[in-house]
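Asks: Can you read through this structure? Questions will come right after.
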Amino acid sequence: MFTRDSHRPSANPHSLPTAILSFCLLPCSALAAEPAPPPTTPYDETIEKAFNPAGGKYGKFSLDLRWRYEYVDQDNVNAAGRVTTPDTANASTLRARFGYLTPQFSGLQAFAEFEGLQDVGANDYNDNPAGNGNGKTRFPVIADPAESEVNQLWVGYSGLPATQVKIGRQRIVFDNHRFVGDVIWRQMQQTYDAATVTSTYIPRTSITAGYLIGIQDIYSRHVELDAPILNASFDTGYGKLIGYGLWLDYKNPTESRNLTYSSKTYGVRFDGGTPVVDNLKALYTLEYAHQQNYESNPIQYEADYWLADVGVNLYGVTLRGAMEELGASNGIGFSTPLATLHAFQGWADLFLITPPNGIRDLYGVVKYTVLGIDLAAVYHDFSAPDTGLSYGHEIDLLAEKKFGKHYSVLLKFADYDGDRDANRPGHNILDKADTQKFWLQGSVSF
Numbered sequence: 085m086f087t088r089d090s091h092r093p094s095a096n097p098h099s100l101p102t103a104i105l106s107f108c109l110l111p112c113s114a115l116a117a118e119p120a121p122p123p124t125t126p127y128d129e130t131i132e133k134a135f136n137p138a139g140g141k142y143g144k145f146s147l148d149l150r151w152r153y154e155y156v157d158q159d160n161v162n163a164a165g166r167v168t169t170p171d172t173a174n175a176s177t178l179r180a181r182f183g184y185l186t187p188q189f190s191g192l193q194a195f196a197e198f199e200g201l202q203d204v205g206a207n208d209y210n211d212n213p214a215g216n217g218n219g220k221t222r223f224p225v226i227a228d229p230a231e232s233e234v235n236q237l238w239v240g241y242s243g244l245p246a247t248q249v250k251i252g253r254q255r256i257v258f259d260n261h262r263f264v265g266d267v268i269w270r271q272m273q274q275t276y277d278a279a280t281v282t283s284t285y286i287p288r289t290s291i292t293a294g295y296l297i298g299i300q301d302i303y304s305r306h307v308e309l310d311a312p313i314l315n316a317s318f319d320t321g322y323g324k325l326i327g328y329g330l331w332l333d334y335k336n337p338t339e340s341r342n343l344t345y346s347s348k349t350y351g352v353r354f355d356g357g358t359p360v361v362d363n364l365k366a367l368y369t370l371e372y373a374h375q376q377n378y379e380s381n382p383i384q385y386e387a388d389y390w391l392a393d394v395g396v397n398l399y400g401v402t403l404r405g406a407m408e409e410l411g412a413s414n415g416i417g418f419s420t421p422l423a424t425l426h427a428f429q430g431w432a433d434l435f436l437i438t439p440p441n442g443i444r445d446l447y448g449v450v451k452y453t454v455l456g457i458d459l460a461a462v463y464h465d466f467s468a469p470d471t472g473l474s475y476g477h478e479i480d481l482l483a484e485k486k487f488g489k490h491y492s493v494l495l496k497f498a499d500y501d502g503d504r505d506a507n508r509p510g511h512n513i514l515d516k517a518d519t520q521k522f523w524l525q526g527s528v529s530f
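For the sequence shown, the positions run 85 to 530 when this note's numbering is used.
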């Protein structure tokens with residue numbers, strides 16, 4: 085196993101993923117032995133009461149602590165012969181988040197939340213790919229800067245029927261985080277300076293409309309933009325039919341890839357599941373979106389997004405197969421700059437920016453729970469949509485165990501193997517080094 089002081093992997097670099105994969109492929113019959121979650125202890129109940137005095141009469145406090153060790157190992161010379169960064173990075177960080185939600189008064193309520201991150205031990209990593217973070221640009225990137233900030237500060241009103249209004253810095257998440265998310269994986273969260281209205285007044289329908297004027301991103305930067313956003317969903321009984329629109333107009337070139345993130349996007353999504361027989365459920369998701377340049381973007385382009393995802397849940401085991409494609413034109417790829425990008429196209433985070441030729445991700449997912457441990461294995465195959473040129477493939481593995489309502493431990497691994505043809509001089513497609521990442525994490529949340 086990698087340790088905080090590790091500088092290189094063991095002689096067999098695939099020993100860890102092999103071990104985890106073997107664990108993931110335990111006989112499914114073990115599912116029957118899954119224990120019930122442990123009850124809340126008297127110690128936990130004491131803390132809960134302290135954080136929720138008089139049953140919420142005086143408001144409610146919240147506390148979230150998360151320690152994480154992250155290890156990155158990447159080739160420092162790629163197939164094109166270019167020297168990249170040193171091949172390893174280590175980060176041991178502790179994130180603390182503390183908040184207070186006021187009681188309601190005539191439908192009004194307010195929430196304030198402070199967030200801070202500090203490295204505790206290993207800190208041989210570059211915390212910002214733009215190079216203006218901790219200055220350790222000779223190391224691979226681990227995007228967790230030691231910063232502190234006001235993470236949320238909003239006032240809400242719920243005096244209208246089935247409607248919530250919020251003004252201020254807040255979390256916003258649409259659907260599966262693909263177009264609007266809070267980047268919950270990284271230690272510093274992404275939040276928005278915005279006004280939003282969410283209504284469920286119409287039966288089986290949810291509508292959220294908002295206007296963004298700023299993003300507090302994972303590097304603790306304030307990114308200015310003007311952006312109306314809209315998401316509306318209707319529950320058909322077989323799944324949710326969702327329509328959405330984003331109109332992003334960025335103001336600062338250095339925080340928006342020279343304003344090329346300024347775009348307008350319209351999309352439709354259908355996501356659901358249907359029982360077939362006892363212990364068998366069909367799962368399906370279809371999605372399409374169209375994007376083009378908008379307002380301050382200096383480059384004209386149009387690109388499409390496609391997702392087809394089908395699967396089954398059989399006796400608690402989830403199997404899914406999918407194709408996700410982000411197109412490109414005029415050298416600009418379909419972009420989702422507000423997304424929780426880590427959740428898509430591999431946990432190694434090598435495709436956070438869509439390549440100039442676009443990307444097609446064919447992937448398969450296996451998930452199940454054994455002895456209270458959530459397990460997942462994902463395989464990705466990446467290629468260019470139009471040419472079919474292979475970018476590479478990736479294996480992702482995860483194991484997470486929750487202890488009661490407030491505690492959890494997570495083990496996670498990603499192994500990206502780049503295709504040498506995609507890095508060859510003259511192809512001008514990618515410059516992606518083979519990369520392995522490993523995470524060990526513990527969380528406490530009240």
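Quick reminder that beta carbons are idealized off the backbone N, C-alpha and C, glycines included.
1) Give me the Cβ distance between residue 241 and residue 191, rounded to the nearest whole Å; I'm assuming they're in contact under 8 Å.
2) In chain order, what residues of the same chain lie with their CB nearer than 6 Å to the CB of residue 358, ignoring the 5 residues before and after it?
3) Reducing DSSP to helix, strand and coil, say where residue 312 ends up.
4) Per the DSSP calculation, residue 262 is bridged to which residue(s)?
5) Label residue 455 either buried or exposed according to how many other C-beta atoms from any shown protein chain fall within 10 Å of its C-beta, with 16 as the threshold for buried.
6) Is residue 418 helix, strand or coil by DSSP?
7) What number of angstroms, rounded off, separates the C-alpha of residue 451 from the C-alpha of residue 458?
8) If you follow the alpha helix (DSSP H) that residue 128 is part of, which residue opens it and which one closes it?
9) Tell me the DSSP bridge mates of residue 146?
10) Measuring CB atoms only, is the segment 318-333 touching the segment 396-408, in the sense that at least three cross pairs come out at less than 8 Å?
11) Considering only their Cβ atoms, is the gap separating residue 477 from residue 464 smaller than 8 Å?
12) What is the DSSP secondary structure of residue 359, reduced to helix, strand or coil?
13) Please report the straight-line C-alpha distance between residue 453 and residue 498, rounded to a whole angstrom.
14) Near residue 226, which residues of its chain fall below 8 Å by C-beta distance, leaving aside the five closest residues on each side in sequence?
15) Grab me the residues of residue 388's own chain with a C-beta within less than 6 Å of its C-beta, minus the 5 sequence neighbours each way, in chain order.
16) With H, G and I counted as helix, E and B as strand and the rest as coil, what does DSSP make of residue 425?
17) What residues match up with residue 352 in a beta bridge as DSSP calls it?
18) Going by alpha carbons, who is nearest to residue 435 out of 485, 197 and 518?
19) What's the C-alpha gap between residue 334 and residue 405?
20) Whole angstroms is fine: what's the gap from residue 496's alpha carbon to residue 395's?
21) I need the straight-line Cα distance from residue 270 to residue 151, nearest angstrom please.
22) Under the rule that 16 or more other beta-carbon atoms within 10 Å means buried, what is residue 301, buried or exposed?
Replies: On the basis of the coordinates in this document:
1) 5 Å
2) 322 and 366
3) strand
4) The partner list for residue 262 (beta bridge, DSSP) is empty, contrary to what the question assumes.
5) exposed
6) coil
7) 7 Å
8) 126-135
9) 183
10) no
11) yes
12) strand
13) 20 Å
14) 154, 156, 173, 175, 209, 210 and 211
15) 374 and 411
16) helix
17) 327 and 372
18) 518
19) 35 Å
20) 23 Å
21) 11 Å
22) buried
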